[in-house]
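Residue numbers (UniProt numbering): 1 to 606.
Take a look at the structure:
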């Protein structure tokens, strides 16, 4: 039997080390599906319930494995469905390759069924590389460039293969005019800045007295070097949300997340520093960085396209974080661990006390902060955590302490709803011997998570560690948007847009062969986590949480929070009486600075 283009495509993927393709069938890739059958399902075809979930699972796989994630879909609607997940990958700098079908070449331009201009459709999301294969000899070069570009530029690439081309006999490119041969692989490399630039950066940092470090996901491979940097400089280290697992939270000088979802000590670290070193982060929110003119700043990033953004950096070092820091450290003068470092550690320790107090605040029926705070000491040291967009991301950022070999991620830049569960599934295929925990809101669960429980039910028996825990914050409210309306617009909850149905999530899980439990009282929270973490199959915990617990920003003042409370009271809902009686006192107890801090943030040390 002759080798078809589709056969060679799968063979080339195997040669690139691709062992999983997250995909959904359709007649636009029938030739490829037939080739999968001839190849004994190698690389493995992982069937999601929707093409967007295939893309999210590829993103999760790439984030947790460090390898390129590959997804595939049919022409027309299948290709369109991939887009949201692919944009998630692009904005978070994750290597993903999309393989999509197209109508036959003979039908192109004829307004044929499911014909979409895919080159135009993918032009933005796969802007670094997007090509259509029109003849067999073109295939190896196009695929190799798609893989290599995704790896080296940490981005999305796309390969479009018309249905009739998939069925053609494969012929390699010849040693001839206008033929383009190709080769496999990407050699490891680690670019570093010029020595003169490193010396300039060292001189700037050495002149500072109160140094703050901000790390992102680009610092994940430089953990030891960042720890040494903080020790030499007596610095505190804040983390962008995508860099939550770049450094463990049990180090006393690690202040935690930064930004709206961040911590009070991270806010204060930036507020009071005179020198800022940013490593592997493109954290976008300027208002959470030092005031302009307050701090001198150095940035280290591997991507020259991403340096010089967000803040007026004096020196931009383009290079690999680990190798750049290794060259920078010998030129730094050790600073005494004096009042600056002592204050950082004191404020960080106090913040965790504040978190414990906030988790202990009574709620109706369960405080969502307590749900996360109770999980923190129970987390396995090798857990893989995913959080969905929404209020769940707040509690993930603030209450869960990374330690050991834990990994964690979410949709950091696109902040799209719905990737929490498919991310966790992708993570399980990256590391089937490790437990995964997806932390999602009920809106995200209804949007995507419930259907992907079916995917988990289909595949979990082949995972060495079957634990995939899905925790649902069931407050029957699109809670993050509700609080944004209150805080930013002074508007009460608009029920037609915000209220969502109460769904028996655990019952649904059990109906498809998984397990689960509904928790409606605080006393049941710890036992539910323990049961889920000991389960022999994926497990759903339906936590009935209180929508009136606000995701307080780290810089919030009592005046701002009282304004949000007033917006709650404008609502004519059954919650109003409860809120009216206890909301203000509850929030005051939850403030990092206690009951006295008002408009200018006095007294905040947490």
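Each residue gets a CB set at the ideal place from its N, CA and C atoms; glycine is no exception.
Within a Cβ cutoff of 6 Å, which residues of the same chain sit near residue i, ignoring the five residues on either side of it in sequence?
i, result
"residue 11", "none"
"residue 130", "122, 158"
"residue 54", "22, 23, 24, 48, 71"
"residue 262", "554"
"residue 156", "86, 89, 90, 96, 125, 126"
"residue 99", "72, 159"
"residue 606", "Per-residue confidence for residue 606 stands at a pLDDT of 25, beneath the threshold of 50, marking its modelled position as unreliable; no derived number is given."
"residue 430", "61, 64, 65"
"residue 198", "327, 328"
"residue 311", "289, 297"
The beta strand (DSSP E) spanning residue i covers which residue range?
i, result
"residue 100", "96 to 102"
"residue 316", "315 to 318"
"residue 516", "515 to 519"
"residue 542", "539 to 544"
"residue 132", "130 to 132"
Assuming residue i and residue j form a contact by the criterion Cβ under 8 Å, report the distance between their Cβ atoms to the nearest whole angstrom.
i, j, result
"residue 388", "residue 441", "6 Å"
"residue 173", "residue 140", "7 Å"
"residue 475", "residue 545", "5 Å"
"residue 436", "residue 427", "5 Å"
Between residue i and residue j, what straight-line distance do the alpha-carbon atoms span, to the nearest angstrom?
i, j, result
"residue 577", "residue 363", "Annotation note: pLDDT 43 at residue 577 (below 50); position unreliable, coordinate value reported separately. Between residue 577 and residue 363, the C-alpha separation is close to 14 Å."
"residue 379", "residue 227", "23 Å"
"residue 296", "residue 204", "8 Å"
"residue 233", "residue 305", "28 Å"
"residue 27", "residue 102", "9 Å"
"residue 405", "residue 249", "12 Å"
"residue 609", "residue 206", "With the chain running from 1 to 606 in the structure shown, residue 609 is simply not present."
"residue 386", "residue 449", "12 Å"
"residue 337", "residue 452", "49 Å"
"residue 479", "residue 33", "42 Å"
"residue 132", "residue 119", "7 Å"
"residue 313", "residue 454", "48 Å"
"residue 84", "residue 508", "26 Å"
"residue 191", "residue 38", "42 Å"
"residue 279", "residue 303", "12 Å"
"residue 443", "residue 506", "15 Å"
"residue 288", "residue 421", "30 Å"
"residue 399", "residue 369", "7 Å"
"residue 195", "residue 533", "50 Å"
"residue 298", "residue 208", "12 Å"
"residue 397", "residue 247", "13 Å"
"residue 201", "residue 300", "10 Å"
"residue 419", "residue 411", "7 Å"
"residue 333", "residue 260", "34 Å"
"residue 517", "residue 425", "20 Å"
Starting from the Cα of residue i, find the closest Cα among the options and give me that residue.
i, options, result
"residue 481", "550, 506, 113, 456", "550"
"residue 215", "196, 541, 284, 274", "284"
"residue 161", "530, 6, 410, 231", "6"
"residue 335", "231, 167, 191, 478", "231"
"residue 434", "443, 460, 412", "460"
"residue 365", "350, 523, 247, 244", "523"
"residue 104", "76, 276, 84", "76"
"residue 457", "418, 423, 538", "538"
"residue 496", "477, 40, 420, 466", "477"
"residue 52", "533, 417, 540, 465", "417"
"residue 316", "277, 493, 349, 339", "277"
"residue 401", "421, 374, 420", "374"
"residue 182", "168, 361, 145", "145"
"residue 493", "352, 547, 58", "547"
"residue 462", "395, 536, 469", "536"
"residue 439", "110, 517, 371", "371"
"residue 236", "58, 257, 467", "257"
"residue 409", "271, 395, 384, 360", "384"
With residue i as the anchor, note down where its alpha helix (DSSP H) starts and where it stops.
i, result
"residue 141", "139 to 153"
"residue 347", "339 to 360"
"residue 84", "77 to 91"
"residue 425", "420 to 430"
"residue 60", "51 to 65"
Could you name the residues of the same chain whose beta carbon sits closer than 8 Å to that of residue i, not counting the 5 residues immediately before and after it, in chain order?
i, result
"residue 446", "500, 501, 503"
"residue 152", "186"
"residue 170", "2, 3, 4, 5, 7, 8, 136, 139"
For residue i, I'd like the list of residues in its chain whose CB is within less than 7 Å of its CB, leaving aside the five on either flank, ordered along the chain.
i, result
"residue 147", "16, 68, 97"
"residue 179", "137, 173"
"residue 581", "Residue placement at residue 581 cannot be trusted, given a pLDDT of 41 that sits under 50; what the coordinates show is reported in the next sentence. Around residue 581: no qualifying Cβ."
"residue 345", "252, 253"
"residue 381", "403, 404, 405, 406"
"residue 273", "210, 211, 212, 290, 295"
Indicate whether at least one CB of chain B lies closer than 8 Å to the CB of residue i.
i, result
"residue 276", "Annotation note: the requested chain B is absent from the structure, which comprises a single protein chain."
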